[in-house]
Amino acid sequence: MKVLVCISHVPDTTSKINFTNNNTEFDKNGVQFVINPYDEFGLTRAVWLKEKQGASVTVLNVGTAETEPTLRKALAIGADEAIRVDAEPTDAFFVAQQIAAVAKEGEYDLIIAGRESIDYNGGQVGGMVAALLKWPFINACVGMEIEGDKASFTREIDGGKEKLSAPLPFVIGGQKGLVEESDLRIPNMRGIMQARKKPLAVKEAVDAEAKTKVGDFAKPEPKGAVTMVDADNMEELVKLLHEKAKVI
Amino acid sequence: MATTETPTKNFLKGGEFIIKESSADSVFIPEDFSEEQNMMAQATTDFIDKEVAPQRERFEQKDYGFTEELMKKAGELGLLGISVPEEYDGLGMGFNTSMLVCDRISGISGSLSTAYGAHTGIGTLPILLYGNEEQRKKYLPKLATGEWMGAYCLTEPGAGSDANSGKTKAELIDDGKNYKINGQKIWISNAGFADVFTVFARIEDDKYLTGFIVEKGTEGMSFGEEENKLGIRASSTRQVFFNDCVIPAENLLGERNGGFKIAMNSLNYGRIKLAVACLDAARRVTTHSVSYANERKQFGTSISSFGAIQQKLAEMTTKTWVAESATYRAGQDIENNIERLLAEGVSPSEAKLKGVEEYAIECALLKVLGSEVGSYVSDEGVQIFGGMGYSADAPMEAAYRDVRIARIYEGTNEINRMHSVAMLLKKALKGELDLMQPAMQVADELMEIPSFDTADYSVLFTEEKEMISKFKKALLMVAGKAVQKYGMDIEDEQELLMNASDMMIEIYATESAVLRAEKLAQTKGEEAAAHQINMAKLYLNNAAENIARSGREAIYSFAEGDEQRMMLMGLKRFSKISNPINLKEVRRSIAAKVIEENKYCF
Ligand SMILES: Cc1cc2nc3c(=O)[nH]c(=O)nc-3n(C[C@H](O)[C@H](O)[C@H](O)COP(=O)(O)OP(=O)(O)OC[C@H]3O[C@@H](n4cnc5c(N)ncnc54)[C@H](O)[C@@H]3O)c2cc1C
Ligand SMILES: Cc1cc2nc3c(=O)[nH]c(=O)nc-3n(C[C@H](O)[C@H](O)[C@H](O)COP(=O)(O)OP(=O)(O)OC[C@H]3O[C@@H](n4cnc5c(N)ncnc54)[C@H](O)[C@@H]3O)c2cc1C
Chain A
1 MKVLVCISHV PDTTSKINFT NNNTEFDKNG VQFVINPYDE FGLTRAVWLK
51 EKQGASVTVL NVGTAETEPT LRKALAIGAD EAIRVDAEPT DAFFVAQQIA
101 AVAKEGEYDL IIAGRESIDY NGGQVGGMVA ALLKWPFINA CVGMEIEGDK
151 ASFTREIDGG KEKLSAPLPF VIGGQKGLVE ESDLRIPNMR GIMQARKKPL
201 AVKEAVDAEA KTKVGDFAKP EPKGAVTMVD ADNMEELVKL LHEKAKVI
Chain B
1001 MATTETPTKN FLKGGEFIIK ESSADSVFIP EDFSEEQNMM AQATTDFIDK
1051 EVAPQRERFE QKDYGFTEEL MKKAGELGLL GISVPEEYDG LGMGFNTSML
1101 VCDRISGISG SLSTAYGAHT GIGTLPILLY GNEEQRKKYL PKLATGEWMG
1151 AYCLTEPGAG SDANSGKTKA ELIDDGKNYK INGQKIWISN AGFADVFTVF
1201 ARIEDDKYLT GFIVEKGTEG MSFGEEENKL GIRASSTRQV FFNDCVIPAE
1251 NLLGERNGGF KIAMNSLNYG RIKLAVACLD AARRVTTHSV SYANERKQFG
1301 TSISSFGAIQ QKLAEMTTKT WVAESATYRA GQDIENNIER LLAEGVSPSE
1351 AKLKGVEEYA IECALLKVLG SEVGSYVSDE GVQIFGGMGY SADAPMEAAY
1401 RDVRIARIYE GTNEINRMHS VAMLLKKALK GELDLMQPAM QVADELMEIP
1451 SFDTADYSVL FTEEKEMISK FKKALLMVAG KAVQKYGMDI EDEQELLMNA
1501 SDMMIEIYAT ESAVLRAEKL AQTKGEEAAA HQINMAKLYL NNAAENIARS
1551 GREAIYSFAE GDEQRMMLMG LKRFSKISNP INLKEVRRSI AAKVIEENKY
1601 CF
């Protein structure tokens, strides 16, 4: 079984987000990057497939050389090899086309992407890859079991869960539930040292176009100061809500 | 080997920083760590944040089992065998990598820090450095993976700082097949769960102790209750009793009479490791303090907006950063020295031994610096938390108690201060370090009219570098005259030794900070390194005051009349900053950065 895990390289959740160039570019200065948390659940599930069902695990990122430490971390956690498609990931469709090209060439049996990336939150790549490959796509996937050439899944849906099945090959958009938070692995020291020796192939991007273009970014308004109103002073509260907050 | 540095690279010998200048490109700075080393550090921090921090309370409840459990997990992650060679199931990484991991695992609690230090340092090293092949094969793989835990039994009720005066006896019996050990050891870290004990005992009336390996469960070995301690409450500390405890003769470690040397050499390692072990606690305390100061409101505003609080935050941040700069600088010097010896064909254990021993002076100075910075930072942390700082419900209280041990074990700070100067003088006597020539030069300089040439102060750190070489002159002047006066009897003038040692610490720390900031400015530009430049300058200003005070005290203690006057004038010349900076503004700007980031961020 050949598993391809798509790894998005995203700012650590505690990073301060700033923009440069007239708010058209994300400022990477001083930002620490990590494996997209949704992808980490998927990666861990893939490592289980390796350990329990003898799968081989390839991690893939579409990005520039600066994402390699993130790929090496995935190798340290347990992936067997890594591929970086050398390109600026300009939009989801562009990225999806790159992933689809790698998938075709490598004859993978399944692709694990994350439900969404926590930076641009597009939530599109997995679905697009599946469409390009004409494979089934299971988004918001919280459970996946594979037996022979069939797989069963659990999806999170509004207010409940949905169970479904599909033949291999397929694409999932994974999240917590595939494995639990406590199952996530801290790479051990030997793993980190071995990561250096595992293959990390750099591939040229295939010709593909981006369908969208960024205009500019805006940060949410900073939170204003809290005004304390005495519990007995309803009148004041109503007045403030009406005149200042303008919510009633 | 792990490092990419060329082993033959030019670097200073131990103690040489007192008479030679270093350049920024010749020192290692933490920003030089490789991606792999940083990944190891991050993995260690993740382990602490995810698996330890949420249960931190258990340490304060004296949950020794928790500490043991964490040590086993650390073993699974490979954190216990970083510098154990691969042939003994370790990772075979270089010295500074083992420092980095020790740093990151030690910050959350002194309990874990002590267990880790006792196991990987004094618990494993004697066997690694002095064990024969059978002993290494038998014990190291188990110690490196955490299957077995190690402990080190040197201290006795009557033999603490005077370690060689121990009364524990080892007697050869059964026609030389076995040793019988009798005696009592006290304050033994990890005793409650250790499997392998390195025990020091005297054979007959030998001048020195001899080391032995004793396994848990050996008949005649028993333990006292857990000690009730001020801090590090979940670190197991017990007495260990040996009552006709018989062990095979092949468990003798190294050579007969060689135990004291084993003990001292393991301590060289232990000291610099303890210095690094104080760093992450200081970072964490600073982070807690900044975020508390940002949240806590008094007089209608965050207390972090008050200058008096900012001053503390700036000093805490600066001292932590400076201690870090000094510790990793020495760590890499040691690693390079080990590599150099290996390249010369010295055996691996001998290279490790001699590689560190060369820097025994720095190890002693850094132990004092690290533990005192840790104490300072936690003390101010308590203060920033106000009443909550005194409450066991906030993290300051435990941090404050825990760090206190660092000034006591691995040789008290007094012993380390005296030791650092004594070793320096010994190096000079043995001709390994020429202190005489530079000291005479300084004496001559005192008689000359000072030069009024001014350098180009617009170049970064021109004045600071001048100051550092003057600090060195101040030390050479004071120590040189003192040695002239007392000869080797200077060892009885302990106050003087304390003064000299304090000057050495400030010199090493300041120089490390300035060179780190300079190297950063060279790579990232002065603007990007602005805060680090400020921290180096702030530290240097404080150091100038401290050096002047220590120097004055020393001079008052042994010089009189004209000689005293001349030396005081010299001291002033060597410690006076001609272009003072506005310390208030510098501190405010450092504080503003950590306040904005809401954490220690360097
Ligand atoms: C409008 C816009 C402009 C952008 N411009 C740039 C830019 O100029 N430079 C830049 O570096 N990035 C840029 N990005 C981000 C980059 O395009 C994203 O990696 C990509 O668009 C997917 O982001 P997403 O939020 O749509 O992913 P989602 O669809 O939310 O991601 C779902 C999953 O797809 C996989 N995935 C996503 N991205 C990658 C990837 N790059 N490699 C491998 N797997 C991946 C992961 O498994 C992820 O969990 C931009 C994104 C947007 C939306
Ligand atoms: C929690 C804890 C864990 C420990 N773990 C271990 C361990 O695992 N293994 C082990 O072998 N030991 C261990 N120790 C022992 C520790 O190393 C000793 O406590 C330390 O060396 C000091 O010895 P002492 O307690 O006998 O103090 P003393 O030697 O009695 O010192 C008392 C005071 O006198 C000062 N002093 C002593 N001699 C001189 C001198 N010549 N000149 C000037 N001042 C002097 C000291 O600096 C100190 O301030 C541990 C101690 C503690 C508290």
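Heads up: the protein sequence lines correspond to chains A and B, in order. Heads up: the first sequence begins at 1 in the numbering used here, then just goes up one per residue. Heads up: the second sequence begins at 1001 in the numbering used here, then just goes up one per residue. Even for Gly, the Cβ is constructed at its ideal location relative to N, Cα and C.
Classification of residue i by the beta-carbon crowding that lies within 10 angstroms, buried from 16 upward
i              : result
residue 1268/B : buried
residue 238/A  : exposed
residue 1497/B : buried
residue 993/B  : This structure gives no information on residue 993/B, because the portion of chain B shown stretches from 1001 to 1602.
residue 1452/B : exposed
residue 1001/B : Reliability of the predicted coordinates at residue 1001/B is poor, the pLDDT of 40 falling under 50, and the value obtained from them is presented with this limitation in mind. With fewer than 16 Cβ atoms within 10 Å of its Cβ, residue 1001/B is classed as exposed.
residue 245/A  : exposed
residue 67/A   : buried
residue 250/A  : Nothing can be reported for residue 250/A: it is not among the residues displayed for chain A, which extend from 1 to 248.
residue 1230/B : exposed
residue 134/A  : exposed
residue 1362/B : buried
residue 1416/B : buried
residue 242/A  : exposed
residue 1054/B : exposed
residue 228/A  : exposed
residue 1340/B : buried
residue 1511/B : buried
residue 1580/B : exposed
Residue i in three-state terms, based on DSSP
i              : result
residue 141/A  : strand
residue 1462/B : helix
residue 6/A    : strand
residue 1221/B : strand
residue 1189/B : strand
residue 1172/B : strand
residue 1007/B : In this prediction, residue 1007/B scores a pLDDT of 41, lower than 50, which makes its location untrustworthy; no coordinate-derived value is stated.
residue 86/A   : strand
residue 1178/B : strand
residue 81/A   : strand
residue 1082/B : coil
residue 1626/B : This structure leaves residue 1626/B out entirely; chain B is present only between 1001 and 1602.
residue 1157/B : coil
residue 1065/B : helix
residue 1233/B : coil
residue 1201/B : strand
residue 24/A   : coil
residue 19/A   : strand
residue 1595/B : helix
residue 238/A  : helix
Item to check | Complete runs of the beta strand (DSSP E) confined to the region 174-221 of chain A [at least 3 residues] | outcome: DSSP runs (the beta strand (DSSP E)) wholly in the region 174-221 of chain A: 200-204.
Checklist entry - Enumerated in chain order, which unbroken segments of the alpha helix (DSSP H) with a length of 4 residues or greater are wholly contained in the region 27-62 of chain A? => result Complete alpha helix (DSSP H) runs here, min 4: 37-53.
Checklist entry - Going along the chain, which unbroken runs of the alpha helix (DSSP H) with 4 or more residues stay wholly within the region 1520-1561 of chain B? => result Correct list: 1530-1558.
Checklist entry - What are the complete beta strand (DSSP E) segments, minimum 3 residues, inside the region 1237-1314 of chain B? => result Here the runs fully enclosed are 1237-1248.
Checklist entry - What residues in the region 1017-1039 of chain B have a beta carbon less than 7 Å from any beta carbon of chain A? => result Taking 7 Å as the Cβ-Cβ cut-off against chain A, the residues of the region 1017-1039 of chain B that qualify are 1035, 1036, 1039.
Checklist entry - Hey, which unbroken runs of the alpha helix (DSSP H) at 4 residues or more fall wholly within the region 1387-1462 of chain B? => result Taken in chain order, the complete alpha helix (DSSP H) segments of 4 residues or longer contained in the region 1387-1462 of chain B are 1395-1403, 1413-1429, 1436-1447.
Item to check | Selection of the region 1039-1069 of chain B by Cβ proximity to chain A, strictly under 9 Å | outcome: Listed in chain order, the positions of the region 1039-1069 of chain B with a beta carbon within less than 9 Å of a beta carbon of chain A are 1039, 1040, 1042, 1043, 1044, 1046, 1047, 1050, 1051.
Item to check | Contained beta strand (DSSP E) runs [length at least 3] in the region 98-170 of chain A, N- to C-terminal order | outcome: Along the region 98-170 of chain A, the beta strand (DSSP E) occurs as fully enclosed runs of 3 or more residues at 110-114, 137-147, 150-157, 160-167, listed in sequence order.
Next on the checklist: Give me the subset of the region 1106-1135 of chain B whose CB atoms are less than 7 Å from a CB atom of chain A, sorted by chain position.
Outcome noted: Hits within the stretch: zero.
Checklist entry - For the region 1084-1142 of chain B, which segments carrying the alpha helix (DSSP H) assignment without a break, of at least 4 residues, lie completely within its bounds, in sequence order? => result Counting only runs of 4 or more, we get 1095-1106, 1110-1116, 1125-1130.
Checklist entry - Can you list, in chain order, the residues of the region 1068-1091 of chain B whose Cβ is nearer than 9 Å to any Cβ on chain A? => result Under the 9 Å Cβ criterion, the region 1068-1091 of chain B contributes 1076, 1077, 1078, 1079, 1081, 1082, 1091.
Next on the checklist: Please identify, using Cβ separations under 8 Å, the residues of the region 74-86 of chain A that lie next to chain B, in order along the chain.
Outcome noted: Listed by position along the chain: 76.
Checklist entry - For the region 48-77 of chain A, which residues have a beta carbon sitting closer than 8 Å to at least one beta carbon of chain B? => result Hits within the stretch, in order: 69, 72, 73, 76.
Item to check | Against chain B: residues of the region 193-218 of chain A by CB proximity under 7 Å | outcome: Per Cβ criterion, the list reads 193, 196.
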